[in-house]
Structures are given as C-alpha cells and as structure tokens.
Amino acid sequence: MNLYQRGSIAVIFCAQRTQNDDESYSAAANAMSDLAAKQPGYLGQDSARSADGLGITVSYWENDEAAKAWRDHPDHSAIREQGRGKWYERYTLHVTRIERSYDWIK
Numbered sequence: 407m408n409l410y411q412r413g414s415i416a417v418i419f420c421a422q423r424t425q426n427d428d429e430s431y432s433a434a435a436n437a438m439s440d441l442a443a444k445q446p447g448y449l450g451q452d453s454a455r456s457a458d459g460l461g462i463t464v465s466y467w468e469n470d471e472a473a474k475a476w477r478d479h480p481d482h483s484a485i486r487e488q489g490r491g492k493w494y495e496r497y498t499l500h501v502t503r504i505e506r507s508y509d510w511i512k
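Those letters in the sequence shown? Residues 407 to 512, by the working numbering.
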C-alpha cells in the first residue's frame, strides 16, 4: 500500500460488469493499467472485483490536471466507449482530493 500526499487525487471507478467477452475485457483492463502507469502524475492503483462482477478501481494522481489528462487520453477514451458498449451494465466515477493517507502492514 502506498501513502499519498495531501492534495493528491483519487479517482474511484465502481462498475458492474456484464458477462460479455471476458477475454477482451481482461486484455483491455491490463493494457489500460499498464498505460496509466506510464502517464505523468500517476501515483498508483488499487482494485478489487467480486464474483458477481462488481469492481472498484481507485487510481491515484499527483494533481487534478494529471487525472484529467488520463481521462482525456485517446486510448483510454476509446476503451471507455467499448466498455460502455459491451463490458459494463453501469458505473459511477468519483474524483476526490486526498486529505490523509494511512497504511498498516502486519
């Protein structure tokens, strides 16, 4: 787990998956994670998915400009449209500023 500085940005993406095309979804999700990690201002990511397809991914960014640049990246935009068309039943996205960050490791 990483600690993030006060004022950095967390983008919280919560989505319910369809049962469509799991193989291409996994490939696209991995490609987007790899691409995001190469973007200026990227700090990290946490994600989880339940057996019924509900997933939460939180990406962390140095500032709002970096988060918006990722939102507007052409490859990310294209995959987002594919997701709306076939991989997601619904999703919500929340952008928030981090005030405090803690971790604990046993």
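Think of the CB as a built atom: it goes at the ideal place given N, C-alpha and C, for glycine as much as any other residue. Note that the coordinates shown come from a computational prediction; the quantities given were computed from them, not determined experimentally.
query	result
Residues sharing a beta bridge with Q411, DSSP	Its beta-bridge partners do not exist; DSSP assigns none.
With 16 other Cβ atoms within 10 Å as the buried cut-off, status of S456	exposed
Where H479 falls: helix, strand or coil (DSSP)	coil
Euclidean distance between Cα positions of R486 and R506	30 Å
Complete runs of the beta strand (DSSP E) confined to the segment 452–498 [at least 3 residues]	460–467
Beta-carbon spacing of W493, R423 below 8 Å	yes
Option in I504, G489, K444 with minimal Cα separation from D470	I504
Rounded straight-line distance, which links the Cα of A437 to that of G447	18 Å
Cα-Cα separation, Y466 to Q445	11 Å
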